[in-house]
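A.B. asks: Using my numbering, the first residue of the sequence shown is number 1, and each one after it goes up by one.
Below you'll find the structure I mean.
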Amino acid sequence: MALMTWTAAEYGTNVGFADDQHKTIFDMVNKLHDTAAAGNRAEIGKQLDALIDYVVMHFQAEETEMQKKGYADFTAHKAEHDKLVGVCADLQKKFHAGQAEVNQDTTRFVRDWLVNHIPKVDKLYGPCLSA
Numbered sequence: 001m002a003l004m005t006w007t008a009a010e011y012g013t014n015v016g017f018a019d020d021q022h023k024t025i026f027d028m029v030n031k032l033h034d035t036a037a038a039g040n041r042a043e044i045g046k047q048l049d050a051l052i053d054y055v056v057m058h059f060q061a062e063e064t065e066m067q068k069k070g071y072a073d074f075t076a077h078k079a080e081h082d083k084l085v086g087v088c089a090d091l092q093k094k095f096h097a098g099q100a101e102v103n104q105d106t107t108r109f110v111r112d113w114l115v116n117h118i119p120k121v122d123k124l125y126g127p128c129l130s131a
């Protein structure tokens, strides 16, 4: 069973690229969640790296569009992105150094961040970015 499911009603921003990328992130988190349950450390590492790379790219795409459109809450939004990227980079470094594990608690943390961030923060940029 999927850890998280994207629906337009819950997570849609009405910004095509963002919604498409959010769907991909949900899929990647679900895949990492299943892999973490199986405990294949090498595969977990590959998926963790891919997810973090994709999220960083996604944040950059959102931020570029926010700046282009003059989104008023850009600074606060970027600060949320930067905070999560910092947490992820630290986990990634520790995981590859053998000092941390990635398990289903980790993927639940990511899920919780996303299900709070997208509806409460990302949806707010919808009218500006889709204008």
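We put the beta carbon where it would ideally sit given N, CA and C, even for glycine.
#1: Would you say V29 and M4 are within 9 Å of each other, going by their C-beta atoms?
#2: Using the Cα positions of A131 and H81, report the straight-line distance between them to the nearest angstrom.
#3: Express the C-alpha separation of L32 and E43 in angstroms, rounding to a whole number.
#4: Could you check what DSSP says for G45 in three-state terms: helix, strand or coil?
#5: Following the continuous alpha helix (DSSP H) through N103, name the residue where it begins and the one where it ends.
#6: Would you call the region 2-17 and the region 106-116 in contact, with 3 or more CB pairs under 8 Å?
#7: Quick one: is T107 buried, meaning 16 or more other Cβ sit within 10 Å of its Cβ, or exposed?
#8: Near Q47, what residues of its chain come up, given a Cβ to Cβ distance below 8 Å and the 5 sequence neighbours on each side ignored?
#9: Tell me the rounded alpha-carbon separation between Q92 and G39.
#10: Apart from the five residues just before and just after K94, which ones in its own chain have a Cβ nearer than 7 Å to its Cβ?
#11: If I measure Cβ to Cβ from V15 and keep anything under 8 Å in the same chain, skipping five residues before and after, which residues do I get?
#12: What's the gap between the Cα of T75 and the Cα of F26?
C.D. replies: The structure says:
#1: yes
#2: 23 Å
#3: 9 Å
#4: helix
#5: Taken as a continuous stretch (DSSP letters only), N103 belongs to no alpha helix (DSSP H), as it is neither H nor E.
#6: yes
#7: buried
#8: M28, K31, L32, T35
#9: 16 Å
#10: A100
#11: E65, Y125, G126, L129, S130
#12: 25 Å
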